[in-house]
Amino acid sequence: QNNFYSSFIVEIIMNLKDRIGYDAGSTPLEEALQFAIAHQFHYLNFNADTGTNRLDNWTKDRAVAVQALCQQHDIHLSLHTASSVNVAETSPLVDDAVDTYLRENINVAFLLGCEAVVVHGGYHFSSSVSYRMEKSLERLKRAVGYAEGLGAKLLLENLNFEPDAAEIHYLAHNVEECRYYLDAIQSESLGWAFTVNHANLVPEGIDGFLDAFGVERIGEVRLADNLGNKEVHLNPGDGNIDFVSMFRRLESSGFSKFYAMNFGSFEDMLKARDLFAGYVL
Numbered sequence: 311q312n313n314f315y316s317s318f319i320v321e322i323i324m325n326l327k328d329r330i331g332y333d334a335g336s337t338p339l340e341e342a343l344q345f346a347i348a349h350q351f352h353y354l355n356f357n358a359d360t361g362t363n364r365l366d367n368w369t370k371d372r373a374v375a376v377q378a379l380c381q382q383h384d385i386h387l388s389l390h391t392a393s394s395v396n397v398a399e400t401s402p403l404v405d406d407a408v409d410t411y412l413r414e415n416i417n418v419a420f421l422l423g424c425e426a427v428v429v430h431g432g433y434h435f436s437s438s439v440s441y442r443m444e445k446s447l448e449r450l451k452r453a454v455g456y457a458e459g460l461g462a463k464l465l466l467e468n469l470n471f472e473p474d475a476a477e478i479h480y481l482a483h484n485v486e487e488c489r490y491y492l493d494a495i496q497s498e499s500l501g502w503a504f505t506v507n508h509a510n511l512v513p514e515g516i517d518g519f520l521d522a523f524g525v526e527r528i529g530e531v532r533l534a535d536n537l538g539n540k541e542v543h544l545n546p547g548d549g550n551i552d553f554v555s556m557f558r559r560l561e562s563s564g565f566s567k568f569y570a571m572n573f574g575s576f577e578d579m580l581k582a583r584d585l586f587a588g589y590v591l
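Laid out in structure tokens, this is it:
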């Protein structure tokens, strides 16, 4: 009986550990994959805006090689678009470019066999907020329609609160704004990228987001710590997020997708993965 219980506990820990990945950012994807292989990561976020990862640097042969490597080592990719590209853009010519940017990210993700593309609601400058929200919703609807045609999946990330005195403010940063987009786009091709450290910056907090939306549409949970007062990506334990409570609530609610760490160094994330894996017990 003790051996059965011990085996059951090990299985729970290993299952969660296998579902904890990391965000490699603009690190060349092939380099990030080698790190993932060496340390048995199965989920990897990356960005395709700069360097060798740029959207216009992907040939078919290179994509085939990356897909083969991922299949061989059971690695699942997600492409994370840049939040600096304003999905709420309204200026002539530039607004068309944002549509093109989203489509090309979806194309590259499809070429590489990615699980999803993380997208954003854009930002405003404290004026014409409702108009910019309308424009960003229209743009995301177009992007979702394009993704549906390819069988691709987009994940809307809840972005971070900026201080009241800041010049720009991100859209989809609280429950009300996220609901505006998620309720308006009821598609299998649009889910939610739940960034817990961003949720920790608004009054409703992590539990408030989960109370509002549950876990059904979450495609990934993004992890970093903070003190609840400004946007920083601290190592777990250096802020005030209760990760034990968060993991237990998500796992007990039936969340079965993956987590993406986005803080510190590779060594910090390796240590945190082992720590996180024990939090569901």
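If you use this note's numbering, the sequence shown corresponds to residues 311 to 591, in order. Just so it is clear, CB atoms sit at the ideal spot from N, CA and C, and this is done for glycine as well. As the structure is a prediction and not an experimental result, all values here were calculated from the model.
I need the DSSP call for H479, collapsed to helix, strand or coil.
strand
Taking K445 as the reference, which of N417, G455 and D409 has the closest Cα?
D409
Rounded to a whole number of angstroms, what is the C-alpha to C-alpha distance between F318 and E425?
Annotation note: pLDDT 37 at F318 (below 50); position unreliable, coordinate value reported separately. Each residue's CA atom was taken as its position, placing F318 and E425 some 29 Å apart.
May I ask you to list the residues that DSSP assigns as paired with H434?
H479
Would Q377 and G331 be called neighbours here (beta carbons separated by less than 8 Å)?
By the CB criterion at 8 Å, Q377 and G331 fall outside the cutoff.
Would you give the residue range spanned by the alpha helix (DSSP H) that E597 belongs to?
As displayed, the chain neither begins before 311 nor continues past 591, which places residue 597 out of reach and without an answer.
Buried or exposed for L585, going by 16 or more other Cβ atoms inside 10 Å?
exposed
Where DSSP assigns a beta bridge to L464, which residues make up the other side?
V427 and L500
Spatial neighbours of A334 within its chain, please: C-beta separation below 7 Å, excluding the five flanking residues on both sides.
A342, L354, N355 and F356
Measuring straight from C-alpha to C-alpha, what distance separates S388 and E458?
Cα to Cα, S388 sits roughly 17 Å from E458.
Determine the contact status of L544 and F519, defining contact as a CB-CB distance below 8 Å.
no
In whole angstroms, what separates the C-alpha of I495 from that of S438?
22 Å
Which of the three DSSP states, helix, strand or coil, is assigned to F523?
helix
In whole angstroms, what separates the C-alpha of E514 from that of I385?
34 Å
Excluding the 5 residues flanking V427 on each side, which residues of the same chain have their C-beta closer than 6 Å to its C-beta?
L389, N415, I416, A419 and L464
Quick one: Cα of A587 to Cα of D517, how far?
20 Å
Counting C-beta neighbours from all protein chains within 10 Å, is the total for L537 16 or more, i.e. buried, or is it exposed?
exposed
Spatial neighbours of Y589 within its chain, please: CB distance less than 7 Å, with the 5 preceding and 5 following residues excluded, ordered by chain position.
If we look at Y589 and ignore the five residues flanking it on each side, its Cβ neighbours are F553, V554, F557 and R558.
I need the DSSP call for Y569, collapsed to helix, strand or coil.
strand
Would you mind stating whether Y480 and Y441 have Cβ atoms separated by less than 8 Å?
no
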